[in-house]
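Here's the structure we're looking at; comments come further down.
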Amino acid sequence: MGKTDKEFAKGFDKSLKTIGVNLKRLRKMEGLEIAAVAKAVRIKVEVLTAIEAGTHEMRISQLERLCAYYQVTPADLFKRSGA
Numbered sequence: 000m001g002k003t004d005k006e007f008a009k010g011f012d013k014s015l016k017t018i019g020v021n022l023k024r025l026r027k028m029e030g031l032e033i034a035a036v037a038k039a040v041r042i043k044v045e046v047l048t049a050i051e052a053g054t055h056e057m058r059i060s061q062l063e064r065l066c067a068y069y070q071v072t073p074a075d076l077f078k079r080s081g082a
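According to numbering that gives the first Met the number 0, the sequence shown is numbered sequentially starting from 0.
Below you can see the structure in the form of structure tokens.
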């Protein structure tokens, strides 16, 4: 049986949060300011802030640029800490 729209939305929101937490963790580990990363990947600071907060549905192109910048795969960003 398939998921309901509500269940799908909840899972999607959880994934956005996980990606955001991982991106922020990577940035902090590198000792980088959000403005520097935003400039390097051509994303507005406000948008990158929302992505890191897990409140912005990013485009695939944004995901690709962030992955290339941090040298990780999209799958890496979906991993929950401790997993």
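Built from N, CA and C at the ideal position, the CB exists for glycine as well. The model shown is predicted, which means the values in this text are computed figures rather than measured ones.
Between L25 and A37, the gap from beta carbon to beta carbon reaches 8 Å or more.
Going by DSSP, E63 is part of the alpha helix (DSSP H) stretching over 59 to 69. Following the DSSP letters along the chain, one finds L76 inside the alpha helix (DSSP H) bounded by residues 73 to 77.
Going by DSSP, E51 is part of the alpha helix (DSSP H) stretching over 44 to 52. By the neighbour-count criterion, in which 16 or more other beta carbons inside 10 Å mark a residue as buried, M57 falls on the buried side.
Take G19, set aside five residues on each side of it, and the residues of its chain with a beta-carbon closer than 7 Å to its own are I50, E51, A52, G53, in chain order.
Distance from V40 to L65 at the Cβ level is roughly 6 Å; contact confirmed, criterion being Cβ atoms closer than 8 Å.
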